[in-house]
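A short write-up of the structure that comes next.
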Amino acid sequence: MTEPPQQNIEPHGATSAVLDGGSTAPGISIWAAAPVRTALAKVPEITAWFWVAKVLTTGMGETASDFLVHHLDPPVALALGAAGLAAALALQFAVRRYVAWIYWLAVVMVSVFGTMAADAVHVVLGVPYVASAVFFLAVLLAVFFIWFRTEKTLSIHSVDTRRREMFYWAAVLTTFALGTATGDMTAYSLDLGYFASGLVFAAVIGVAALAYRRGWIVAIPAFWFAYILTRPLGASFADWTAVGADRGGLGWGTGLVTAGLAVCIAAVTAREAFTGRKA
46 MTEPPQQNIE PHGATSAVLD GGSTAPGISI WAAAPVRTAL AKVPEITAWF WVAKVLTTGM
106 GETASDFLVH HLDPPVALAL GAAGLAAALA LQFAVRRYVA WIYWLAVVMV SVFGTMAADA
166 VHVVLGVPYV ASAVFFLAVL LAVFFIWFRT EKTLSIHSVD TRRREMFYWA AVLTTFALGT
226 ATGDMTAYSL DLGYFASGLV FAAVIGVAAL AYRRGWIVAI PAFWFAYILT RPLGASFADW
286 TAVGADRGGL GWGTGLVTAG LAVCIAAVTA REAFTGRKA
(Lines of atoms letter the chains of each structure in order from A and count residues from 1; the text may use other names and numbers.)
(Lines give C-alpha, C1' and ligand atoms only; values in the text may rest on other atoms or scores of the structure.)
Protein backbone atom coordinates (compact mmCIF):
# COMPACT_ATOMS: atom_id res chain seq x y z
CA MET A 1 0.00 0.00 0.00
CA THR A 2 1.31 3.43 -0.84
CA GLU A 3 1.76 5.70 2.15
CA PRO A 4 -0.59 8.69 2.04
CA PRO A 5 1.01 12.08 1.34
CA GLN A 6 2.63 13.45 4.47
CA GLN A 7 1.47 16.67 6.05
CA ASN A 8 2.75 18.51 9.07
CA ILE A 9 -0.17 17.15 11.06
CA GLU A 10 0.01 13.50 10.11
CA PRO A 11 3.10 11.51 10.87
CA HIS A 12 1.96 9.13 13.57
CA GLY A 13 -1.68 8.87 13.03
CA ALA A 14 -2.89 9.88 16.49
CA THR A 15 -2.20 12.45 19.45
CA SER A 16 -4.88 14.25 21.37
CA ALA A 17 -7.57 11.61 21.38
CA VAL A 18 -6.14 10.34 24.62
CA LEU A 19 -7.63 13.60 25.83
CA ASP A 20 -10.79 13.86 23.74
CA GLY A 21 -11.37 10.40 22.26
CA GLY A 22 -10.90 11.39 18.64
CA SER A 23 -8.85 13.27 16.12
CA THR A 24 -8.57 17.02 16.14
CA ALA A 25 -9.45 19.29 13.29
CA PRO A 26 -7.88 20.15 11.02
CA GLY A 27 -5.61 17.17 11.40
CA ILE A 28 -5.09 13.76 12.83
CA SER A 29 -4.18 13.24 16.46
CA ILE A 30 -1.03 11.35 17.42
CA TRP A 31 -2.37 10.21 20.77
CA ALA A 32 -5.27 8.03 19.71
CA ALA A 33 -7.25 8.77 16.58
CA ALA A 34 -7.96 7.04 13.28
CA PRO A 35 -4.91 4.89 12.47
CA VAL A 36 -2.87 5.10 9.31
CA ARG A 37 -0.72 2.12 8.34
CA THR A 38 1.26 0.83 5.44
CA ALA A 39 0.90 -2.78 4.35
CA LEU A 40 4.36 -3.76 5.54
CA ALA A 41 4.63 -1.53 8.60
CA LYS A 42 5.98 -3.45 11.59
CA VAL A 43 4.94 -1.03 14.29
CA PRO A 44 1.55 -0.61 15.99
CA GLU A 45 -1.05 2.02 15.34
CA ILE A 46 -0.75 4.96 17.69
CA THR A 47 -3.90 4.65 19.77
CA ALA A 48 -4.73 5.24 23.42
CA TRP A 49 -3.93 1.57 24.04
CA PHE A 50 -0.50 2.08 22.51
CA TRP A 51 0.29 4.65 25.19
CA VAL A 52 -1.14 2.42 27.91
CA ALA A 53 1.12 -0.43 26.79
CA LYS A 54 4.08 1.93 26.46
CA VAL A 55 3.76 3.21 30.04
CA LEU A 56 3.31 -0.34 31.35
CA THR A 57 6.46 -1.54 29.58
CA THR A 58 8.48 1.38 30.91
CA GLY A 59 7.45 0.58 34.46
CA MET A 60 8.15 -3.12 34.02
CA GLY A 61 11.56 -2.42 32.51
CA GLU A 62 12.49 -0.31 35.54
CA THR A 63 11.44 -2.78 38.21
CA ALA A 64 12.61 -5.87 36.30
CA SER A 65 16.05 -4.31 35.87
CA ASP A 66 16.24 -3.47 39.58
CA PHE A 67 15.05 -6.95 40.53
CA LEU A 68 17.69 -8.67 38.37
CA VAL A 69 20.53 -6.40 39.46
CA HIS A 70 19.73 -6.90 43.16
CA HIS A 71 19.23 -10.67 42.93
CA LEU A 72 22.12 -11.48 40.57
CA ASP A 73 25.63 -10.20 40.16
CA PRO A 74 25.28 -6.97 38.15
CA PRO A 75 27.52 -8.21 35.28
CA VAL A 76 25.40 -11.36 35.03
CA ALA A 77 22.19 -9.32 35.07
CA LEU A 78 23.55 -7.01 32.37
CA ALA A 79 24.58 -9.99 30.24
CA LEU A 80 21.11 -11.53 30.61
CA GLY A 81 19.51 -8.22 29.69
CA ALA A 82 21.70 -7.91 26.61
CA ALA A 83 20.98 -11.50 25.58
CA GLY A 84 17.25 -11.02 26.06
CA LEU A 85 17.32 -7.82 24.03
CA ALA A 86 19.28 -9.47 21.22
CA ALA A 87 16.87 -12.42 21.10
CA ALA A 88 13.77 -10.21 21.16
CA LEU A 89 15.07 -7.92 18.41
CA ALA A 90 16.15 -10.90 16.32
CA LEU A 91 12.60 -12.22 16.56
CA GLN A 92 11.15 -8.80 15.72
CA PHE A 93 13.38 -8.46 12.66
CA ALA A 94 12.60 -12.02 11.56
CA VAL A 95 8.85 -11.51 11.19
CA ARG A 96 7.56 -9.74 8.09
CA ARG A 97 4.61 -7.93 9.63
CA TYR A 98 3.53 -6.42 12.91
CA VAL A 99 2.95 -9.11 15.55
CA ALA A 100 1.79 -7.62 18.83
CA TRP A 101 3.38 -9.97 21.33
CA ILE A 102 6.71 -9.96 19.48
CA TYR A 103 6.76 -6.17 19.21
CA TRP A 104 5.93 -5.58 22.86
CA LEU A 105 8.37 -8.26 23.99
CA ALA A 106 11.05 -6.32 22.15
CA VAL A 107 9.92 -3.07 23.80
CA VAL A 108 10.04 -4.71 27.25
CA MET A 109 13.58 -5.95 26.65
CA VAL A 110 14.62 -2.54 25.32
CA SER A 111 13.20 -1.08 28.53
CA VAL A 112 15.07 -3.55 30.73
CA PHE A 113 18.39 -3.17 28.95
CA GLY A 114 18.00 0.59 28.51
CA THR A 115 17.52 0.91 32.26
CA MET A 116 20.59 -1.21 32.94
CA ALA A 117 22.69 0.79 30.46
CA ALA A 118 21.67 4.14 31.94
CA ASP A 119 22.25 2.90 35.49
CA ALA A 120 25.65 1.50 34.52
CA VAL A 121 26.73 4.86 33.13
CA HIS A 122 25.96 6.45 36.51
CA VAL A 123 26.87 3.70 38.98
CA VAL A 124 29.85 2.09 37.25
CA LEU A 125 31.32 5.08 35.44
CA GLY A 126 30.28 7.65 38.01
CA VAL A 127 28.69 9.96 35.45
CA PRO A 128 26.18 12.40 37.02
CA TYR A 129 22.55 11.99 35.98
CA VAL A 130 22.49 15.40 34.31
CA ALA A 131 25.57 14.57 32.23
CA SER A 132 24.23 11.15 31.25
CA ALA A 133 20.89 12.70 30.24
CA VAL A 134 22.71 15.21 28.04
CA PHE A 135 24.82 12.41 26.55
CA PHE A 136 21.84 10.22 25.67
CA LEU A 137 20.02 13.26 24.25
CA ALA A 138 22.99 13.91 21.97
CA VAL A 139 22.98 10.27 20.87
CA LEU A 140 19.24 10.40 20.16
CA LEU A 141 19.58 13.59 18.12
CA ALA A 142 22.38 11.94 16.15
CA VAL A 143 20.14 8.92 15.45
CA PHE A 144 17.32 11.19 14.30
CA PHE A 145 19.68 13.24 12.13
CA ILE A 146 21.12 10.20 10.37
CA TRP A 147 17.68 8.58 10.06
CA PHE A 148 16.14 11.68 8.47
CA ARG A 149 19.15 12.38 6.26
CA THR A 150 19.04 8.81 4.98
CA GLU A 151 15.29 8.18 4.73
CA LYS A 152 13.84 11.74 4.50
CA THR A 153 11.26 10.93 7.16
CA LEU A 154 10.96 10.06 10.84
CA SER A 155 7.39 8.80 10.51
CA ILE A 156 6.80 5.39 12.04
CA HIS A 157 4.25 4.73 9.31
CA SER A 158 7.22 4.42 6.98
CA VAL A 159 8.95 1.70 9.03
CA ASP A 160 8.55 -0.85 6.24
CA THR A 161 12.16 -1.63 5.28
CA ARG A 162 14.95 -3.31 7.23
CA ARG A 163 17.04 -0.14 7.35
CA ARG A 164 14.17 2.01 8.60
CA GLU A 165 13.37 -0.62 11.18
CA MET A 166 16.96 -0.50 12.42
CA PHE A 167 16.77 3.28 12.73
CA TYR A 168 13.47 2.97 14.59
CA TRP A 169 14.79 0.53 17.18
CA ALA A 170 18.00 2.52 17.62
CA ALA A 171 15.84 5.54 18.43
CA VAL A 172 13.59 3.52 20.76
CA LEU A 173 16.57 2.11 22.68
CA THR A 174 18.09 5.56 23.06
CA THR A 175 14.80 7.10 24.22
CA PHE A 176 14.58 4.52 26.99
CA ALA A 177 18.12 5.26 28.17
CA LEU A 178 17.45 9.00 27.97
CA GLY A 179 14.16 8.65 29.81
CA THR A 180 15.80 6.59 32.55
CA ALA A 181 18.54 9.17 33.07
CA THR A 182 15.98 11.99 33.08
CA GLY A 183 13.78 10.24 35.62
CA ASP A 184 16.73 9.54 37.91
CA MET A 185 17.81 13.17 37.54
CA THR A 186 14.46 14.48 38.79
CA ALA A 187 14.11 11.86 41.53
CA TYR A 188 17.64 12.12 42.90
CA SER A 189 19.50 15.17 41.59
CA LEU A 190 16.47 17.44 41.98
CA ASP A 191 15.34 15.51 45.08
CA LEU A 192 11.72 15.29 43.97
CA GLY A 193 11.31 11.61 44.77
CA TYR A 194 9.43 9.08 42.66
CA PHE A 195 5.82 10.11 43.07
CA ALA A 196 6.41 13.82 42.55
CA SER A 197 8.62 13.05 39.54
CA GLY A 198 5.81 11.01 38.01
CA LEU A 199 3.39 13.89 38.47
CA VAL A 200 5.86 16.30 36.87
CA PHE A 201 6.27 14.12 33.79
CA ALA A 202 2.51 13.59 33.52
CA ALA A 203 2.03 17.35 33.61
CA VAL A 204 4.72 17.98 30.98
CA ILE A 205 3.18 15.37 28.66
CA GLY A 206 -0.21 17.03 29.18
CA VAL A 207 1.25 20.40 28.22
CA ALA A 208 2.78 18.84 25.10
CA ALA A 209 -0.60 17.34 24.16
CA LEU A 210 -2.26 20.72 24.58
CA ALA A 211 0.47 22.40 22.52
CA TYR A 212 -0.11 19.87 19.75
CA ARG A 213 -3.86 20.42 19.79
CA ARG A 214 -3.34 24.17 19.55
CA GLY A 215 -1.04 23.68 16.57
CA TRP A 216 2.05 24.98 18.34
CA ILE A 217 4.03 21.82 17.60
CA VAL A 218 3.68 19.29 14.79
CA ALA A 219 3.11 15.59 15.21
CA ILE A 220 6.53 13.97 14.71
CA PRO A 221 8.35 15.96 17.42
CA ALA A 222 5.25 15.75 19.63
CA PHE A 223 5.22 11.97 19.31
CA TRP A 224 8.88 11.47 20.09
CA PHE A 225 8.74 13.99 22.94
CA ALA A 226 5.89 12.01 24.49
CA TYR A 227 7.66 8.74 23.72
CA ILE A 228 10.73 9.90 25.67
CA LEU A 229 8.80 11.22 28.66
CA THR A 230 6.49 8.22 29.04
CA ARG A 231 9.64 6.35 30.04
CA PRO A 232 10.32 8.32 33.25
CA LEU A 233 6.55 8.64 33.79
CA GLY A 234 6.05 4.88 33.99
CA ALA A 235 9.35 4.23 35.74
CA SER A 236 8.71 6.86 38.43
CA PHE A 237 5.34 5.41 39.41
CA ALA A 238 6.67 1.83 39.20
CA ASP A 239 9.55 2.73 41.52
CA TRP A 240 7.12 4.50 43.85
CA THR A 241 5.03 1.34 44.21
CA ALA A 242 8.08 -0.92 44.57
CA VAL A 243 10.43 0.82 47.01
CA GLY A 244 9.98 0.93 50.76
CA ALA A 245 8.43 3.67 52.86
CA ASP A 246 11.91 4.85 53.87
CA ARG A 247 12.36 5.95 50.24
CA GLY A 248 8.87 7.38 49.92
CA GLY A 249 7.31 4.32 48.28
CA LEU A 250 4.56 1.80 48.94
CA GLY A 251 6.92 -1.11 49.52
CA TRP A 252 5.33 -3.68 47.23
CA GLY A 253 8.71 -4.93 46.03
CA THR A 254 10.26 -5.04 42.57
CA GLY A 255 9.33 -8.69 42.01
CA LEU A 256 5.62 -8.22 42.71
CA VAL A 257 5.40 -4.99 40.71
CA THR A 258 7.22 -6.57 37.77
CA ALA A 259 4.87 -9.56 37.79
CA GLY A 260 1.80 -7.34 38.02
CA LEU A 261 2.93 -5.15 35.14
CA ALA A 262 3.73 -8.25 33.06
CA VAL A 263 0.15 -9.46 33.55
CA CYS A 264 -1.21 -6.05 32.51
CA ILE A 265 0.96 -5.99 29.38
CA ALA A 266 -0.18 -9.51 28.50
CA ALA A 267 -3.80 -8.40 28.94
CA VAL A 268 -3.37 -5.42 26.60
CA THR A 269 -1.68 -7.65 24.01
CA ALA A 270 -4.40 -10.30 24.36
CA ARG A 271 -7.06 -7.63 23.93
CA GLU A 272 -5.47 -6.68 20.66
CA ALA A 273 -5.34 -10.29 19.50
CA PHE A 274 -9.01 -10.94 20.30
CA THR A 275 -10.41 -7.65 19.04
CA GLY A 276 -8.14 -7.19 16.05
CA ARG A 277 -7.13 -3.72 17.30
CA LYS A 278 -3.50 -2.70 16.99
CA ALA A 279 -2.56 -1.54 20.49
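Numbers given in this note's numbering equal positions in the sequence shown, counted from 1, plus 45. Using N, Cα and C, we set each Cβ at its ideal position, and we do this for glycine too.
query	result
Is residue 256 near residue 262, with beta carbons less than 8 Å apart?	yes
Just checking: is the beta-carbon of residue 280 within a distance shorter than 8 Å of some beta-carbon in chain C?	In the structure shown, chain C does not exist; there is a single protein chain.
Any idea what DSSP makes of residue 51, helix, strand or coil?	Confidence in residue 51 is poor, its pLDDT being 40 and thus under 50, which makes the residue's placement too unreliable to answer from.
Could you tell me whether the Cβ atoms of residue 306 and residue 92 are closer together than 8 Å?	no
Near residue 137, which residues of its chain fall below 7 Å by C-beta distance, leaving aside the five closest residues on each side in sequence?	147, 148, 151
Please name the residue in 315, 264, 201, 102 whose C-alpha comes closest to that of residue 87.	201
How long is the line joining the alpha carbons of residue 297 and residue 248, rounded to whole angstroms?	25 Å
My understanding is that residue 105 touches residue 303, with C-beta atoms under 8 Å, so please give their C-beta distance in whole angstroms.	6 Å
How should residue 310 be labelled, buried or exposed, when 16 other C-beta atoms within 10 angstroms of its C-beta is the threshold for buried?	buried
From 241, 227, 288, 168, pick the residue whose C-alpha is nearest to that of residue 274; which is it?	227
Using a 10 Å radius around the Cβ and a threshold of 16 neighbouring Cβ atoms, would you call residue 232 buried or exposed?	buried
Is the beta carbon of residue 110 closer than 8 Å to that of residue 175?	no
Determine the direct distance from the alpha carbon of residue 259 to that of residue 114, and round the result to whole angstroms.	44 Å
Look up residue 164 in the DSSP assignment and say whether it is helix, strand or coil.	helix
Along the chain, where does the alpha helix (DSSP H) that runs through residue 257 open and close?	238-258
Output the distance between the C-alpha atoms of residue 316 and residue 98, rounded to the nearest integer angstrom.	11 Å
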